[in-house]
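Trainee: Here it is, the structure, as structure tokens.
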Amino acid sequence: MTDIPAFLTPELQERLLLAAREAQAQAYAPYSRFAVGAAVLDAQGRIHAGCNVENAAYPEGVCAEACALGAMVIAGGLRVEAVAIVGDGDTPVTPCGGCRQKLREFGSPDLPVLVADRHRWRGHFTLGELLPSSFGPEHLTVAAAAGPFRGNTHEP
């Protein structure tokens with residue numbers, strides 16, 4: 034584990050943790066009974082939270098990180114500066130593989146990933162530690178040069 038960056042003050046860490054815990058309390062997990070909350074800090078300093086949402090087509094649920102990223106994008110954010118994940122388990126709950134890639138879309142390999150449970154911080158990582166040698170937007174040089182696509186661009 035690497036050091037937590039200086040911009041992520043103890044107060045900001047606590048705000049992220051609170052948002053992730055509040056989201057975890059709202060999780061819809063009737064099948065797994067495994068509630069997860071996530072909170073992302075965007076480049077404008079705003080915090081966006083999300084929880085996991087399951088459904089009867091069990092593998093088609095949505096992870097907390099994906100919900101938080103969706104909330105960030107709806108608010109106009111395109112860059113994640115830090116993320117907090119709250120999940121209860123015997124070992125620290127880190128993002129699944131798919132969510133690691135989703136976080137990579139909006140964050141760099143040095144993105145701080147803080148993990149906690151309902152009672153305490155359990156650890157911190159960088160996204161690069163969790164997803165080494167990742168594939169990101171910069172690999173798609175033609176698409177990346179055009180900038181992010183936002184919604185329907187067709188004239189009515």
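Heads up: take any position in the sequence shown, counting from 1, add 33, and you land on the working numbering.
The beta-carbon is built from N, C-alpha and C at its ideal position, and this holds for glycine as well.
Predicted, not measured: the structure shown is a model, and the values here were computed from it.
Are the stretch 77-87 and the stretch 143-159 touching, with three or more C-beta to C-beta distances below 8 angstroms?
Mentor: As far as the Cβ criterion goes, the stretch 77-87 does not touch the stretch 143-159, which means the pair count is below three.
Trainee: By Cβ distance below 6 angstroms, which residues in the same chain neighbour L50 in space, the five residues on each side in sequence not counted?
Mentor: Taking the sequence shown and counting its residues from 1, the one referred to as residue 50 is at position 17. Only A117, A149 meet the Cβ criterion.
Trainee: To which residues of the same chain is I80 closer than 8 angstroms at the C-beta, ignoring the five residues directly before and after it?
Mentor: Taking the sequence shown and counting its residues from 1, the one referred to as residue 80 is at position 47. Excluding residues within five positions, the ones whose Cβ falls inside 8 angstroms are R48, L49, A52, A72, V73, L74.
Trainee: Check this for me: beta carbons of R133 and L173, under 7 angstroms apart or not?
Mentor: Here residue 133 corresponds to residue number 100 of the sequence shown, with the count starting at 1. Here residue 173 corresponds to residue number 140 of the sequence shown, with the count starting at 1. Cβ atoms of R133 and L173: not closer than 7 angstroms.
Trainee: With a floor of 3 residues, list each beta strand (DSSP E) that falls wholly inside the stretch 49-131, ordered by position along the chain.
Mentor: For the stretch 49-131, whole beta strand (DSSP E) runs of length 3 or above, ordered along the chain, are 69-75, 80-84, 113-120.
Trainee: My parser needs the alpha helix (DSSP H) runs of 4 or more residues fully inside the stretch 149-174; what are they?
Mentor: Entirely contained in the stretch 149-174, the alpha helix (DSSP H) runs reaching 4 residues are, in chain order, 160-163.
Trainee: Judging by CA-CA distance, which residue of G156, L160, L41 is the nearest neighbour of T124?
Mentor: Position 91 of the sequence shown, counted from the first residue, corresponds to residue 124. Checking every option, the nearest Cα to that of T124 belongs to G156.
Trainee: Using the three-state DSSP reduction, which class does L136 fall into: helix, strand or coil?
Mentor: As a first step, residue 136 must be located in the sequence shown, where it is residue number 103. L136: helix per DSSP, three-state reduction.
Trainee: To the nearest angstrom, report how far apart L160 and K135 are at their CA atoms.
Mentor: Translated into positions along the sequence shown, residue 160 becomes position 127. Translated into positions along the sequence shown, residue 135 becomes position 102. So the alpha carbons of these two residues sit roughly 11 angstroms apart.
Trainee: Taking its Cβ as the centre, do 16 or more other Cβ atoms sit within 10 Å of F40, making it buried, or is it exposed?
Mentor: The residue given as residue 40 occupies position 7 in the sequence shown. The residue in question, F40, is exposed, as its Cβ has fewer than 16 Cβ neighbours within 10 Å.
Trainee: Given this structure, state the Cα-to-Cα distance separating A62 from A56, to the nearest angstrom.
Mentor: In the sequence shown, residue 62 corresponds to position 29, counting from 1. In the sequence shown, residue 56 corresponds to position 23, counting from 1. Their backbone Cα atoms lie some 12 angstroms apart in a straight line.
Trainee: Applying the 10 Å Cβ sphere with the 16-neighbour rule, what's the burial state of A89?
Mentor: Against the sequence shown, residue 89 aligns to sequence position 56. The residue is exposed, with fewer than 16 neighbouring Cβ atoms inside 10 Å.
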